[in-house]
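Novice: My questions will all concern the structure given below.
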Amino acid sequence: MGALGSASVLYGFFAVSTSDLMKRTIFGLQSWQLMISGGYALFFCANLIPGRLDTVLGRPKRTDLRFFTPAGFAFAIWAPIFLGEMLMMFSVLMPDSLRSPGSGWLEAMAPSYAAASVAQALWCLAFRPWALKYQWIPASLLTIAALALFESHRHVASSYSMSGAASLWSLFACRIPVALHFGWITAAAALSWNGQLASMGSSIPIRITSATLSCYAAAAFLGVTSIVRGDGWPAATAAWALYAVSKGHEVLRGAVDNAAIDALNLAALLSSSASLAMAVFTWAIPFFSSGKTCACACV
């Protein structure tokens, strides 16, 4: 029911993006400004509510037998995401006269960004001890959030081709954090679905096979998205997350055959390397394309 409700919210936000509601003013702010700033505030506050499974259970244990699990350092990525999107929120709340003329894509991404924020806030409420046997609920919510951020990132990436080089402010206050957010939530959704397999009591070979396929799928999806959209940050995020996955299973040694752990870690490391290569390739393309400006340039 939670996933169905979140899907309805997602559809509603996408529908709003084509309606006149986007132009309405509430408390002196346009609807799209409230969507982005309110969405950020909602998720940020929901994230502070204690009692989530990741904080209650702590670090993975040998008895968990969960795979596709990143090492703890991977979660440091939330620092640039939250900080960057906080700057984005301040940018959104600026008077129109202070924003650059080419920032219309912020309005375009508002419904999908708000939908992602709602789905993640619901995830914060669903990823609780009561859901230990119902991991499909938080997994579904993260998948919905990833799909919404996929749409948000499309608007961000399209702004590259429309505006050419990006200012430092737009890079660090929106474009990079939204891309990191999209890439990380995509990986988190894969992690959550692998957790669902564990909660179902699936056999160890099935769990390891699923984790291995998740590594390759995440690298392929985020890498291809980066290349097609001309933005290397989603692939770079995949490289970071998958490298952390390659370091996250050491606690399971002794509980699972070492050869299986080594094979999974190798798959994660190879996927991470491939993701990094696709990110570098994406960033390098403008340098070899005559008459084009690198999207990472600063003006």
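Heads up, the sequence shown is in the working numbering, so the first residue is 371 and it goes up one at a time.
C-beta atoms are modelled at their ideal positions from N, C-alpha and C, and glycine is treated no differently.
Report the rounded CA-to-CA distance for M570 versus P656, giving the unit in angstroms.
Specialist: 47 Å
Novice: Classify E477 as buried or exposed, calling it buried when 16 or more other Cβ atoms lie within 10 Å of its own Cβ.
Specialist: buried
Novice: Excluding sequence positions up to five away, which residues of its chain have a Cβ less than 7 Å from the Cβ of L550?
Specialist: I447, P450, I451, W603 and T607
Novice: Along the chain, where does the alpha helix (DSSP H) containing Q505 start, and where does it finish?
Specialist: Careful: Q505 lies outside any alpha helix (DSSP H) and carries neither H nor E.
Novice: Just checking my contact of C585 with V621 at CB under 8 Å: how many whole Å lie between their CB atoms?
Specialist: About 18 Å separates the two Cβ atoms, so there is no contact after all.
Novice: Three or more beta-carbon pairs under 8 Å between the region 550 to 565 and the region 407 to 419, yes or no?
Specialist: no
Novice: Which residue's Cα is closest to the Cα of I578: M464, S659, A515 and N635?
Specialist: N635
Novice: Around the Cβ of L453, are there at least 16 other Cβ atoms within 10 angstroms (buried) or fewer (exposed)?
Specialist: Only exposed fits L453, as fewer than 16 other CB atoms lie within 10 angstroms of its CB.
Novice: Just to confirm the assignment, what range does the alpha helix (DSSP H) spanning A629 have?
Specialist: N628 to A654
Novice: Determine the contact status of A560 and F437, defining contact as a CB-CB distance below 8 Å.
Specialist: no
Novice: Hey, out of Y483, L512, A485 and D632, whose CA is closest to F497's CA?
Specialist: L512
Novice: For the region 644 to 652 and the region 586 to 605, state whether three or more C-beta atom pairs, one from each stretch, are separated by less than 8 Å.
Specialist: Judged by Cβ distances under 8 Å, the region 644 to 652 makes contact with the region 586 to 605, as three or more pairs qualify.
Novice: Can you say whether L492 is buried or exposed, counting buried as having 16 or more other CB atoms within 10 angstroms of its CB?
Specialist: buried
Novice: DSSP state of R623, grouped into three classes?
Specialist: strand
Novice: Between the beta-carbon of Y483 and the beta-carbon of I406, is there less than 8 Å?
Specialist: yes
Novice: Let's see if you can read the secondary structure: which residues bound the alpha helix (DSSP H) around I406?
Specialist: Where I406 is concerned, the enclosing alpha helix (DSSP H) stretches over S401 to N417.
Novice: What is the residue span of the alpha helix (DSSP H) that I597 lies within?
Specialist: I574 to R599
Novice: Pull up the distance between the alpha-carbon of W539 and that of A480, whole angstroms please.
Specialist: 18 Å
Novice: Is the CB-CB distance between V488 and Q403 below 8 Å?
Specialist: no
Novice: For the alpha helix (DSSP H) that A485 lies in, which residues bound it at each end?
Specialist: G474 to A496
Novice: In three-state DSSP terms, what is T439?
Specialist: coil
Novice: Under the assumption that L423 contacts A543 (Cβ atoms under 8 Å), give the Cβ distance between them as a whole number of angstroms.
Specialist: Contact doesn't hold; Cβ gap of about 32 Å is too wide.
Novice: Do A518 and A485 have their beta-carbon atoms positioned less than 8 Å apart in this structure?
Specialist: yes
Novice: How should S659 be labelled, buried or exposed, when 16 other C-beta atoms within 10 angstroms of its C-beta is the threshold for buried?
Specialist: In the assembly as shown, S659 is an exposed residue. Its beta-carbon has fewer than 16 other beta-carbons within 10 Å.
Novice: Tell me the DSSP secondary structure of M456 in three-state form.
Specialist: helix
Novice: Measuring alpha carbon to alpha carbon, tell me which of G421, W506, A605 and R524 ends up nearest S641.
Specialist: A605
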